[in-house]
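Visitor: Here you go, one structure.
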Amino acid sequence: MLNLLRFAEGGAESYREYALHLRETFLPRYGGEVLYAGTGSTVLVAEEGQSWDAVIVVRYPDRAAFSRRSTRPVAVHKACYTQVSGVS
Numbered sequence: 006m007l008n009l010l011r012f013a014e015g016g017a018e019s020y021r022e023y024a025l026h027l028r029e030t031f032l033p034r035y036g037g038e039v040l041y042a043g044t045g046s047t048v049l050v051a052e053e054g055q056s057w058d059a060v061i062v063v064r065y066p067d068r069a070a071f072s073r074r075s076t077r078p079v080a081v082h083k084a085c086y087t088q089v090s091g092v093s
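Per this note's numbering, numbering of the sequence shown is gapless, rising by one per residue and ending at 93.
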């Protein structure tokens with residue numbers, strides 16, 4: 006899974022804390038593994054003149070694991086993202 010992130014002012018630190026929490030709790034539940042987390046060097050997917058603040062690549066063991074992750078209850082999904090302020 007490719008995550009392309011753009012942060013609001015001050016949002017990078019909030020997202021970093023959130024991502025660390027997910028890495029320890031959420032990803033192991035579905036067999037997810039972070040392959041890369043950092044900045045992208047060349048923008049491939051963005052409007053002209055725009056860039057991404059961070060790029061994260063996550064591998065899941067198979068499509069079924071990714072699907073289980075993607076179909077978790079909406080309440081859990083919403084709770085995860087409301088913890089992060091500053092992601093735009």
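The beta carbon of each residue, even a glycine, is placed where N, CA and C say it ideally should be.
Computed from a predicted model, the values in this text were never measured in an experiment.
Does the separation of the CB atoms of Ala-59 and Gly-43 fall below 8 Å?
Guide: yes
Visitor: For a test of the three-state rule: what should DSSP assign to Gly-16, helix, strand or coil?
Guide: It is helical.
Visitor: Pick helix, strand or coil for Leu-27, following the three-state DSSP scheme.
Guide: In the structure shown, Leu-27 sits in a helix (DSSP, three-state: H, G or I).
Visitor: In whole angstroms, give me the CA-to-CA distance for Leu-27 and Glu-53.
Guide: 32 Å
Visitor: For Arg-74, which three-state DSSP category applies?
Guide: helix
Visitor: Determine whether the beta carbon atoms of Ala-70 and Tyr-41 lie at a separation below 8 Å.
Guide: no
Visitor: Around the Cβ of Ala-51, are there at least 16 other Cβ atoms within 10 angstroms (buried) or fewer (exposed)?
Guide: exposed
Visitor: Leaving out five residues on either side along the sequence, give the residues of the same chain with a beta carbon under 6 Å from the beta carbon of Ile-61.
Guide: Asn-8, Ala-42
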